[in-house]
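**Q** Numbering (the UniProt record's numbering), first residue to last: 1 to 645. First, the structure itself, so that you have it in front of you.
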Amino acid sequence: MDAFDDLLPPERRPPLSGAEALEELHRWADAGWIRHLDHMFARFVAELSPHDPAPVLMAAALLVHMEGRGHTCLVIDDGIAKVADLLGWTGTQAEAWEAVAARLPRTAADWLDALRHSPVVGEGSGGSEPLVLSAGRLYLRRYWVDEQRVATQVSRRVSHHAPVDEAVARRWLDALFPPDDTFDWQKFACAVALRSRLSVITGGPGTGKTYTAARLLALLWAVDPAPARLRIALAAPTGKAAARLKQSISSALIELQGRVGDSLALSEWVGHLESARTLHSLLGARPGTRRLQHDAAHPLDVDVLLVDEASMVHLEMMASLLDALPPHARIVLLGDKDQLASVEAGAVLGDLCRGAEQGRYDAETLRYAEAVTGQVLPPAFATGGPPLAQQTVMLRRSRRFDGAIGQLALAVNDGDAARASALLRDRAHAAELGWPADPSATVAVRLAVDGYRGCFEAVRDGADPITVLTAFDRFRLLCAVRDGAWGVVDLNAAVQRALADAGLLRPSGEWYEGRPVMVTRNIAGSGVFNGDIGIALRVPGGALRVHFLEGDTVRSVGVSRLADVETAFAMTVHKSQGSEFEHTVLVLPEAPSRVLTRELVYTGITRARKRFTLVSGRERAFAEALAERTQRFSGLLDVLAEAVT
């Protein structure tokens with residue numbers, strides 16, 4: 001650009017050059033507005049194709065940046081000129097973008113034209129370009145491939161129904177479920193899952209997802225002529241969620257034995273159920289690589305796969321899981337569609353459950369449901385929809401969250417900040433809900449000392465590991481962010497100091513008795529996986545080993561093998577998914593943050609079984625979070641629609 005051009009207003013300057021785009025991206029990375037990875041990817045694209053114009057380089061950097069925020073693609077529409085809004089940029093950041101945007105194309109058509117003419121951008125299968133442009137969406141190739149894999153597998157599995165002996169199914173469903181004056185969505189979910197190789201069961205806390213899954217297993221055993229042959233696997237994204245799944249399923253089946261009597265050998269079959277596993281363990285993840293032991297060429301040896309906490313499953317993992325499933329096997333995804341999506345790119349469960357509130361069941365599903373359940377679907381849910389909708393069921397009655405915590409969760413899910421705030425401050429709900437009048441990080445620390453007191457008194461008194469770990473899991477301090485006075489790192493240090501001052505801990509160095517830790521990377525051969533939480537305790541001889549609770553048993557690992565861990569008095573809301581605690585304290589920071597969303601608050605609240613406390617550094621932060629919905633760009637539903645047609 002000529003030096004005199006600096007004197008012109010941005011809109012009258014010549015178009016931004018590729019070199020200038022890279023300089024601007026470098027400046028933004030140095031300022032911390034984007035990641036250096038984002039800038040370097042744009043530079044990589046420029047090296048592959050030196051003549052690419054600025055829109056291509058900017059789109060490449062924005063795409064990688066959005067992938068870091070959990071999106072699988074960048075939508076190229078007329079809103080591309082308003083990237084500052086998309087990124088949540090204000091002030092100086094917004095001004096910087098506007099100055100650049102004035103020298104970039106203003107319409108989606110021009111951006112798309114630049115991308116189509118770039119040698120690094122392909123149109124789909126058969127190419128090797130690092131970027132893919134499809135239906136107005138720009139992808140990193142591997143995410144485009146993963147999206148296609150998921151859509152293909154889901155479409156195949158929901159489009160073909162297995163034959164069902166409806167009279168036999170009706171007899172067993174009536175035996176497994178007590179009579180109900182209202183429409184029993186759990187019974188309907190079992191009926192729907194019986195006829196397909198893929199089903200989705202979603203619902204909030206207490207709606208009975210695992211209760212339903214246990215009865216589905218009993219139903220599958222009941223209608224199979226050789227039930228003992230069924231190879232059933234249970235899995236979840238984290239070790240904690242997997243342990244809870246096996247425990248919940250086993251307890252529900254043993255309880256169900258009393259209802260069905262000798263007609264089904266449920267107690268015997270429960271004994272043959274293998275322990276639930278993490279998805280990484282199930283697929284045979286290989287440390288240090290993206291390769292898995294099981295894939296389409298080496299499928300899992302299963303007939304039925306139940307996956308709990310499916311909202312945490314990111315796009316790449318879902319693609320790998322579906323590819324590794326034998327064609328004849330059925331998979332049932334369980335999860336709460338309103339929880340936070342996975343940390344990594346994709347919101348697969350949210351995409352699959354889009355419109356689940358409306359039902360959208362067609363005439364054949366209505367006929368089938370009445371034949372096998374004896375129930376007539378309410379007309380409001382019989383509006384017709386795609387094949388996926390016929391295999392998706394939303395459970396709508398919470399048997400655990402009838403109290404104040406449940407009311408709060410519903411208000412938050414509705415985005416009703418006034419009702420949610422009133423519930424938190426209502427003294428009539430003081431036994432379940434709390435919002436301290438003088439919120440501060442110090443208050444959060446004091447609550448943590450009280451919440452963990454029983455656990456660390458047990459450590460001091462030499463209690464057995466199960467007692468210690470069970471006591472620790474009664475309370476948890478959850479944070480929205482990692483850094484700052486209201487974040488995980490600072491609060492972990494503050495809680496450790498406070499517990500030491502109270503005489504409940506004696507920290508000395510990195511490792512000490514009573515240190516709670518979260519594993520941050522799978523540890524090969526140990527049976528310990530990313531997300532598992534344990535506590536360091538001394539064993540006979542004085543050595544420290546970290547003990548992990550697995551259902552009713554304990555696994556221990558020497559501290560020398562645990563290089564990838566972090567202290568876990570406090571943890572992020574994301575890391576808490578798949579867990580429940582008697583008392584949960586959710587800490588919202590003073591400074592505004594893009595991570596503060598309705599889904600984050602809802603997830604924090606629904607981790608609490610008996611009591612929930614909100615500690616917010618800024619009162620408005622709660623209402624602002626409820627006004628923000630998590631939005632993740634994805635083309636999965638559109639690709640599914642194309643696969644069906």
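Beta carbons are placed, not taken as given, at the ideal position from N, Cα and C, and that holds for glycine.
1) Using CA atoms only, rank isn't needed, just tell me which of 166, 572, 416 is closest to residue 192.
2) Among all the DSSP beta bridges, which residues are the ones paired with residue 548?
3) Just confirm the distance between the C-beta atoms of residue 56 and residue 64, as a whole number of angstroms; I'd bet it's less than 8 Å.
4) Would you mind reading off the limits of the alpha helix (DSSP H) that contains residue 125?
5) For residue 466, is the classification buried or exposed, using 16 other Cβ atoms within 10 angstroms of its Cβ as the cut-off for buried?
6) Less than 8 Å between the CB atoms is what I'm expecting for residue 169 and residue 372, so what's the real figure, rounded?
7) Are three or more beta carbon pairs between the region 121 to 134 and the region 355 to 367 nearer than 8 Å?
8) Do three or more CB pairs link the region 573 to 589 to the region 597 to 617 at distances below 8 Å?
9) What is the residue span of the beta strand (DSSP E) that residue 201 lies within?
10) Which residues share a DSSP beta bridge with residue 539?
11) Could you tell me whether the Cβ atoms of residue 151 and residue 636 are closer together than 8 Å?
12) From the DSSP output, in three-state form, read off residue 3 for me.
13) Three or more C-beta pairs under 8 Å: does that hold for the region 347 to 361 against the region 220 to 239?
14) Rounded to the nearest angstrom, how far is the Cβ of residue 138 from that of residue 48, given a contact under 8 Å?
15) Given a cut-off of 8 Å, decide if residue 622 and residue 588 are closer than it, judged by their beta-carbon atoms.
16) With 16 other CB atoms within 10 Å as the buried threshold, where does residue 404 fall?
17) Out of 129, 26, 66, 625, which one is the CA nearest neighbour of residue 411?
18) Return the Cβ separation of residue 495 and residue 570 in integer angstroms, given the expectation that the two are a contact with Cβ distance under 8 Å.
19) Quick one, which of 293, 97, 237, 263 has its alpha-carbon nearest residue 701's?
20) Check for me: the alpha helix (DSSP H) holding residue 656 runs from which residue to which?
21) How is residue 154 classed by DSSP in three states: helix, strand or coil?
22) Here's the rule: buried if 16 or more other CB atoms are within 10 angstroms of the residue's CB, otherwise exposed. What is residue 539?
23) At what residues does the alpha helix (DSSP H) containing residue 43 begin and finish?
24) Leaving out the 5 sequence neighbours to the left and right, which residues in its chain are closer than 7 Å to residue 241 when beta-carbon positions are compared?
25) Taking just the CA atoms, how far does residue 29 sit from residue 93?
26) On the CB-based measure, 16 or more other CB atoms within 10 Å of its CB, does residue 271 come out buried or exposed?
27) Taking only three categories from DSSP, how would you classify residue 278?
28) Under DSSP, the beta strand (DSSP E) around residue 613 begins and ends at which residues?
**A** So, to answer that:
1) If you number the sequence shown from 1, residue 192 lands on position 192. Out of 166, 572, 416, 166 has the C-alpha closest to the C-alpha of residue 192.
2) Locating residue 548 in the sequence shown gives position 548, where the first residue counts as 1. In the DSSP output, where bridge partners are listed per residue, residue 548 has 534, 555.
3) Counting from 1 along the sequence shown, the entry for residue 56 is found at position 56. Counting from 1 along the sequence shown, the entry for residue 64 is found at position 64. Approximately 13 Å separates the beta-carbon atoms of residue 56 and residue 64; this is outside 8 Å, ruling out the contact.
4) Residue mapping note: residue 125 aligns to position 125 of the sequence shown, counting from 1. Where residue 125 is concerned, there is no enclosing alpha helix (DSSP H), given that its DSSP letter is neither H nor E.
5) The sequence position of residue 466 within the sequence shown is 466, counting from 1. Under this definition residue 466 is an exposed residue.
6) Position 169 of the sequence shown, counting from 1, holds the residue named residue 169. Position 372 of the sequence shown, counting from 1, holds the residue named residue 372. Right, their Cβ atoms sit about 4 Å apart.
7) No: fewer than three Cβ pairs fall under 8 Å.
8) yes
9) One-based indexing of the sequence shown puts residue 201 at position 201. Where residue 201 is concerned, the enclosing beta strand (DSSP E) stretches over 198 to 202.
10) Numbered from 1 along the sequence shown, position 539 holds the residue referred to as residue 539. Residue 539 pairs with nothing; no bridge assigned.
11) Working through the sequence shown from its first residue, we reach residue 151 at position 151. Working through the sequence shown from its first residue, we reach residue 636 at position 636. Yes; because the gap between Cβ atoms is below 8 Å, this pair is in contact.
12) Counting from 1 along the sequence shown, the entry for residue 3 is found at position 3. Residue placement at residue 3 is flagged as unreliable, the pLDDT there being 48, under the threshold of 50; the coordinate-derived value follows with that caveat. When DSSP states are grouped into helix, strand and coil, residue 3 belongs to the helix group.
13) no
14) Mapped onto the sequence shown, residue 138 falls at position 138. Mapped onto the sequence shown, residue 48 falls at position 48. Rounded, the Cβ-Cβ distance is 15 Å, inconsistent with contact.
15) Looking up residue 588 in the sequence shown gives position 588. Looking up residue 622 in the sequence shown gives position 622. A contact, by the Cβ cut-off of 8 Å.
16) Locating residue 404 in the sequence shown gives position 404, counting from the first residue. Burial call: buried.
17) Translated into the one-based positions of the sequence shown, residue 411 becomes position 411. Of 129, 26, 66, 625, the residue nearest in Cα terms is 625.
18) Against the sequence shown, residue 495 aligns to sequence position 495. Against the sequence shown, residue 570 aligns to sequence position 570. With 8 Å as the limit, residue 495 and residue 570 qualify as a contact, their Cβ atoms being about 6 Å apart.
19) A question about residue 701 goes unanswered here, because the residues of the chain that appear run from 1 up to 645.
20) Examination of residue 656 is not possible in this model, given that the chain is present from 1 through 645 alone.
21) Residue numbering aside, residue 154 sits at position 154 when the sequence shown is read from its first letter. Looking at residue 154 - three-state DSSP - the assignment turns out to be helix.
22) Numbered from 1 along the sequence shown, position 539 holds the residue referred to as residue 539. Residue 539 should be labelled exposed.
23) For this step, residue 43 is matched to residue 43 along the sequence shown. Where residue 43 is concerned, the enclosing alpha helix (DSSP H) stretches over 36 to 48.
24) In the sequence shown, counting from the first residue as 1, residue 241 sits at position 241. So the list reads 308, 309, 578, once near-sequence residues are dropped.
25) As a working mapping, residue 93 is identified with position 93 in the sequence shown. As a working mapping, residue 29 is identified with position 29 in the sequence shown. Approximately 12 Å between the Cα atoms of the pair.
26) Here residue 271 refers to the residue found at position 271 when the sequence shown is read from its first residue. Looking at its Cβ environment, which holds fewer than 16 other Cβ atoms inside 10 Å, residue 271 is exposed.
27) Here residue 278 corresponds to residue number 278 of the sequence shown, with the count starting at 1. Strand, per DSSP.
28) Sequence index remark: in the sequence shown, residue 613 carries index 613 (1-based). Run containing residue 613: 608 to 616, per the beta strand (DSSP E) assignment.
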